[in-house]
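In our numbering, the protein residues as written are 48 to 185. Structure record follows, encoded as structure tokens.
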């Protein structure tokens, strides 16, 4: 079958996620509900306003810029306030994961930031929403 590669390419193209627009995710407070397919027991958030990113980490408010065009994400150096709290280890995990993210997807009302090797941060507009990627792993 000489056309098998063509059919395979067309099938893959049909599975591609539609383009993500800034209008769908900007100006919304997104709350972290899952990291690497696991629910988190601390709070963190993300807000996208053009090339400006901001939010709340487990201890501090943070800010950064992105230099990519959606759905690509390239998060520049992250700045944060410097308050101490018992969740500084969680904050380090959050910032390390956030800085590694490369792509954004919106699915079932949840924002997924995806990094190398399938690393995933899952955000919802309601912090009480369940982590959908976590439920899939159960």
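Just so you know, even glycine gets a beta-carbon here, dropped at the ideal spot from N, CA and C.
Q) For residue 59, which residues of its own chain have a beta-carbon under 8 Å away from its beta-carbon, when the five flanking residues on both sides are left out? A) In this predicted model, residue 59 has a pLDDT of only 33, less than 50, meaning its place in the structure is not dependable; the value taken from the coordinates is given anyway. Nothing listed; no residue qualifies.
Q) Taking all protein chains shown into account, do 16 or more other C-beta atoms lie within 10 angstroms of the C-beta of residue 171, making it buried, or fewer, making it exposed? A) Flag for residue 171 reads buried.
Q: Within the stretch 87–164, note down every full alpha helix (DSSP H) run reaching 4 residues or more, in order along the chain.
A: 135–147, all fully within the stretch 87–164.
Q: Could you check the C-alpha separation between residue 173 and residue 77 for me, to the nearest Å?
A: Straight-line measurement puts the Cα of residue 77 at about 8 Å from the Cα of residue 173.
Q. Can you tell me where the beta strand (DSSP E) with residue 76 in it begins and where it stops?
A. 76–82 is the span of the beta strand (DSSP E), which, as asked, contains residue 76.
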